[in-house]
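Q: There's a structure below that I have some questions on.
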Amino acid sequence: MTTPNDLERGYRRLLAWYPRAFRSENEQEILTVLLEGAAEGQTRPRLAESADLVRAGLWKRFGPDLPTSARTVLTACRLMYLGALLEVAGLVTFVLTTGRLKAGFVRAYPDYTPHLWHVMTALIVAKEIAIPVAFAVWLILAWGNSRGRDWARVAFIALFALDTLGVVAAVGQREASFDPASLALSVTVWLIALTSMVLIFSPRSGPYYRPEPVRA
Amino acid sequence: MQEATFLILTALAAGSQHGYGIITDVTEISGGRVRLRAGTLYTALDRLRADELIAVDREEIVDNRLRRYYRLTPDGEKVLAAEAARLHANATAAIARLNPSGG
Numbered sequence: 004m005t006t007p008n009d010l011e012r013g014y015r016r017l018l019a020w021y022p023r024a025f026r027s028e029n030e031q032e033i034l035t036v037l038l039e040g041a042a043e044g045q046t047r048p049r050l051a052e053s054a055d056l057v058r059a060g061l062w063k064r065f066g067p068d069l070p071t072s073a074r075t076v077l078t079a080c081r082l083m084y085l086g087a088l089l090e091v092a093g094l095v096t097f098v099l100t101t102g103r104l105k106a107g108f109v110r111a112y113p114d115y116t117p118h119l120w121h122v123m124t125a126l127i128v129a130k131e132i133a134i135p136v137a138f139a140v141w142l143i144l145a146w147g148n149s150r151g152r153d154w155a156r157v158a159f160i161a162l163f164a165l166d167t168l169g170v171v172a173a174v175g176q177r178e179a180s181f182d183p184a185s186l187a188l189s190v191t192v193w194l195i196a197l198t199s200m201v202l203i204f205s206p207r208s209g210p211y212y213r214p215e216p217v218r219a
Numbered sequence: 675m676q677e678a679t680f681l682i683l684t685a686l687a688a689g690s691q692h693g694y695g696i697i698t699d700v701t702e703i704s705g706g707r708v709r710l711r712a713g714t715l716y717t718a719l720d721r722l723r724a725d726e727l728i729a730v731d732r733e734e735i736v737d738n739r740l741r742r743y744y745r746l747t748p749d750g751e752k753v754l755a756a757e758a759a760r761l762h763a764n765a766t767a768a769i770a771r772l773n774p775s776g777g
C-alpha cells in the first residue's frame, strides 16, 4: 500500500539528480512546491514531472552556471562543444581515409622498410586513440569554463598549444601523412580553439572566472 | 526573452510570491496555456537570480514546509518593462497591418 510519505520519498529520489550544493539550499523549498501541486490522493510522482525534475537536475549538473551577461564565456563554451563534435567528425574522416593515407605513404616513401611501415601504423593507431581523448578534453573544458572555473581556462591554453602543434605538423607533412579532408578539419578545429581562447581571455570574461571552491 | 521567463517576471510584478504561487499565477496570466513544472520553474528562478533580475524576499515555514518568496529587483522591473513594451509594439504593429482600415 502506498502513502503520501511514498510520494515525498519519490520526489526526494528525483531531487537527487540535482547537485548536492543546490539540494542543500533548495530541496525543502522545491519539495514544498511539488507537494502543494500534487493531486489529491496522489502517491507517486507523475511521469511528466519526473522527467522534468531529471532534466532540470542534469541541466544544473552539466549546464552552464553563469549569468546571461557572461556572453563571451558562454559563446566560447558553445564553440568548445562544436570543437568536440568536430573531433568526432575528425575521427570518422580519419578512419574512412586511412587507406588513402597508407597509399600516400607508399607514394612518398617507395623504399620504405618494414620498421618504417610499423612506425606509420603505430602513428595511425595513436591518432585513433588521441582523437577520442581530445573529444573528452574539449567536453570537460567546455563544462569547466561554462561554470567559470579558472582551472578550465588555464587548461585550455594547453589544449590550444597541442592543437597548434598538431596543425603545424599536419601542414608540414600534408603530402605524406594527412588526407586533405582531415587537414581541413584540423585547421577548422584549430580556428575554433583560437576563437575560444580569445573569448575566454578577453577582459569581458575575466570577472566571471573564480578559483575552485575550497572544501571545508 | 523566453515566454516562461516573461511570465515568471510578470507574476512577480505585482508583489513577492512563493514558488507554488508563481506556478498558479503563470497559469492564470497565460489563460491556462502555460503550466510550469517545478523543475522548469527552479531552473528559471536560478538563472534569474544569477542575472540579478529577482531576489529572495523572505522565507516562511507553513505546515512545517519551507516557503521562499521572490521579488523583482529594480533591474528586473526595467527588463520586464522593456520586454513588455517591445511585445506591445509588435502586437500593435501586427493588429494595425491586419486591420489597415482601422475597422
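So the sequence lines, in the order shown, correspond to chains A and B. Numbering-wise (this note's numbering), the first sequence opens with residue 4 and increments by one. Numbering-wise (this note's numbering), the second sequence opens with residue 675 and increments by one. Ideal Cβ placement from N, Cα and C applies to all residues, glycine included.
Along chain A, in chain order, which residues have C-beta atoms closer than 7 Å to that of T714 (chain B)?
A: Ordered by position in chain A, the residues that pass the 7 Å Cβ test against T714 (chain B) are D55, A59.
Q: Quick one: using the 10 Å Cβ neighbour count with 16 as the cut-off for buried, is W141 (chain A) buried or exposed?
A: Buried, since its Cβ has 16 or more Cβ neighbours within 10 Å.
Q: Q45 (chain A) touches chain B at which residues, Cβ-Cβ below 7 Å?
A: The premise fails here: Q45 (chain A) is roughly 14 Å from chain B at the closest Cβ pair, so nothing lies under 7 Å.
Q: Does the beta-carbon of V753 (chain B) have 16 or more other beta-carbons within 10 angstroms, so that it is buried, or is it exposed?
A: Buried.
Q: Which term fits I203 (chain A), buried or exposed, when burial requires 16 or more other beta carbons within 10 angstroms of its beta carbon?
A: Classification for I203 (chain A): buried.
Q: Using a 10 Å radius around the Cβ and a threshold of 16 neighbouring Cβ atoms, would you call V170 (chain A) buried or exposed?
A: Buried: at least 16 other Cβ atoms inside 10 Å.
Q: Between the C-alpha atoms of D749 (chain B) and H762 (chain B), what's the straight-line distance to the nearest angstrom?
A: Taking the straight line joining both Cα atoms gives about 20 Å.
Q: Comparing alpha-carbon positions, which option in B:R771, B:E751, B:I769 lies nearest F680 (chain B)?
A: Taking only the C-alpha atoms, the option nearest F680 (chain B) is B:E751.
Q: Which first and last residues belong to the alpha helix (DSSP H) in which R156 (chain A) is found?
A: Counting along the chain, the alpha helix (DSSP H) containing R156 (chain A) begins and ends at 153-175.
Q: Can you find at least 3 beta carbon pairs, one from the stretch 77-88 of chain A and one from the stretch 146-153 of chain A, that sit closer than 8 Å?
A: These segments touch.
Q: On a Cα-Cα basis, can you pick out the residue from A:A155, A:R110, A:K105, A:W193 that is closest to Y212 (chain A)?
A: It is A:A155.
Q: With a threshold of 6 Å on Cβ separation, who are the neighbours of G13 (chain A) within its own chain once the five nearest residues in sequence on each side are excluded?
A: Within the same chain, G13 (chain A) has close Cβ partners R47, P48.
Q: Check distances from the C-beta atoms of the stretch 690-703 of chain B to those of chain A and list, in chain order, the residues that come in under 7 Å.
A: Of all residues in the stretch 690-703 of chain B, G693, Y694, I697 have a Cβ within less than 7 Å of some Cβ in chain A.
Q: Just to make sure I have the definition right: I need the residues of chain A whose C-beta is within less than 8 Å of the C-beta of T717 (chain B). Which are they?
A: Near T717 (chain B) (Cβ distances below 8 Å), the residues of chain A are A59, W62, K63.
Q: Taking 8 Å as the threshold (C-beta atoms), are Y744 (chain B) and L719 (chain B) in contact?
A: Taking 8 Å as the Cβ cut-off, L719 (chain B) and Y744 (chain B) qualify as a contacting pair.
Q: For Q31 (chain A), does the three-state DSSP call read helix, strand or coil?
A: Helix.
Q: Taking 8 Å as the CB-CB cut-off, is A685 (chain B) touching chain A?
A: Output row for A685 (chain B): interface = no.
Q: Around the C-beta of Y115 (chain A), are 16 or more other C-beta atoms found within 10 angstroms, so that it is buried, or is it exposed?
A: Exposed, since its Cβ has fewer than 16 Cβ neighbours within 10 Å.
Q: How big is the Cα-Cα spacing for M4 (chain A) and L10 (chain A)?
A: Confidence at M4 (chain A) is low in this model, with a pLDDT of 49, below 50, so its placement is unreliable and no value can be given for it.
Q: Do you know offhand how far L77 (chain A)'s Cα is from A129 (chain A)'s?
A: If you take the alpha carbons of L77 (chain A) and A129 (chain A), they lie about 32 Å apart.
Q: Can you list, in chain order, the residues of the stretch 5-35 of chain A whose Cβ is nearer than 7 Å to any Cβ on chain B?
A: Listed by position along the chain: N29, Q31, E32, I33, T35.
Q: If I'm right that D166 (chain A) touches A196 (chain A) with Cβ under 8 Å, what's the distance once you round it to whole angstroms?
A: With 8 Å as the limit, D166 (chain A) and A196 (chain A) qualify as a contact, their Cβ atoms being about 5 Å apart.
Q: Would you kindly report the start and end of the unbroken alpha helix (DSSP H) that includes D720 (chain B)?
A: Taken as a continuous stretch (DSSP letters only), the alpha helix (DSSP H) holding D720 (chain B) covers 712-724.
Q: Can you look up Y694 (chain B) in the DSSP assignment and give me helix, strand or coil?
A: The answer is helix: DSSP assigns Y694 (chain B) an H, G or I state.
Q: With 8 Å set as the bound, which would you pick, yes or no: does the beta-carbon of D749 (chain B) sit closer than that to a beta-carbon of chain E?
A: Absent from the structure is chain E; the protein chains it does hold are A and B.
Q: Do L17 (chain A) and S53 (chain A) come within 8 Å of each other at the CB atom, strictly closer than that value?
A: Yes, they are a contact pair.
Q: Of all the CB atoms in chain B, is at least one closer than 8 Å to the CB of T75 (chain A)?
A: Chain B, which has no Cβ nearer than 8 Å to the Cβ of T75 (chain A), makes this no.
Q: Against chain B, with Cβ distances strictly below 8 Å, would A219 (chain A) count as a contact?
A: Any answer about A219 (chain A) is weak, because its pLDDT of 48 lies below 50 and its placement is not dependable; what the coordinates show is given next. Closer than 8 Å: no.
Q: If you measure from the beta carbon of D731 (chain B) to each beta carbon in chain A, is any gap under 8 Å?
A: No, D731 (chain B) lies away from the interface with chain A (no Cβ there is under 8 Å from its Cβ).
Q: How about S72 (chain A): is its C-beta nearer than 8 Å to some C-beta of chain B?
A: Interface residue, yes.
Q: Between G169 (chain A) and chain B, is the shortest Cβ-Cβ distance under 8 Å, so that the two count as touching?
A: G169 (chain A) does not count as touching chain B.
Q: Please determine if the stretch 58-65 of chain A and the stretch 726-733 of chain B are in contact, where contact requires at least 3 C-beta pairs separated by less than 8 Å.
A: With a cut-off of 8 Å, the stretch 726-733 of chain B and the stretch 58-65 of chain A do not count as touching, because too few Cβ pairs lie within range.
Q: If you reduce the DSSP assignment to three classes, tell me which class V140 (chain A) lands in.
A: The answer is helix: DSSP assigns V140 (chain A) an H, G or I state.
Q: Could you check whether the Cβ of E90 (chain A) sits closer than 8 Å to any Cβ belonging to chain B?
A: Chain B, which has no Cβ nearer than 8 Å to the Cβ of E90 (chain A), makes this no.
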